[in-house]
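**Q** For reference, the structure I am asking about is given below.
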Amino acid sequence: MTKTETYLNEIQSSILETFNPIFDNIERFYTVCYLIIKNEHILSQEHPDLWEEKIKTVQWFKDKIERKLNEKGLNGKDIIADIASDYFEDYVQYKEREFDITNEEFISYIKQIQNLP
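Okay, here's the thing in structure tokens:
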């Protein structure tokens, strides 16, 4: 468990309350954020068709998560930056983390985040 994951476990009730009923545990929140950051990085590296628009969409989701955390008095920018730091630490060490989430589940979480007020 990374320092970020340990910290998120300490404040999990505030985070889960912020995203109620989307995430039922802090591990899912972390996983979805990590995968959003990973997707942004892959898009910036590989430049697929319409990559600039896709990156803007991914950044919109990151910003929305940050704003929702900020609304609850949490430092959303720092939380997302810490998760990004975990991702990039894995990336530079050629470590591919395995998460127990399907593409369909990830998309479902994204849609729910999109629909947050």
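Here the sequence shown is numbered in the working numbering, starting from 574 and rising by one per residue. Heads up, the beta-carbon is just placed ideally off N, CA and C, and yes, glycines get one too. All values derive from a computational prediction rather than experimental measurement.
According to DSSP, simplified to helix, strand and coil, what is I588?
**A** In the sequence shown, residue 588 corresponds to position 15, counting from 1. Correct three-state label for I588: helix.
**Q** Would you call the stretch 582-597 and the stretch 658-675 in contact, with 3 or more CB pairs under 8 Å?
**A** The count of Cβ pairs closer than 8 Å, one atom from the stretch 582-597 and one from the stretch 658-675, stays below three, leaving the stretches out of contact.
**Q** Starting from the C-beta of L647, find all residues in its chain whose C-beta is less than 8 Å away, skip the five residues before and the five after it, and write them out in chain order.
**A** Taking the sequence shown and counting its residues from 1, the one referred to as residue 647 is at position 74. The residues are I584, S587, I588 and T591.
**Q** Give every residue of the same chain whose Cβ lies closer than 7 Å to the Cβ of N566, excluding the five residues on either side of it in the sequence, and list them in chain order.
**A** For residue 566 there is no data in the structure shown, the boundaries of the chain being 574 and 690.
**Q** Output needed for D655: all residues of its chain with C-beta closer than 6 Å, excluding positions within five of it in sequence on either side, in chain order.
**A** For the purposes of this step, residue 655 is taken as the residue at position 82 of the sequence shown. Excluding positions up to five away in sequence, the list reads T577.
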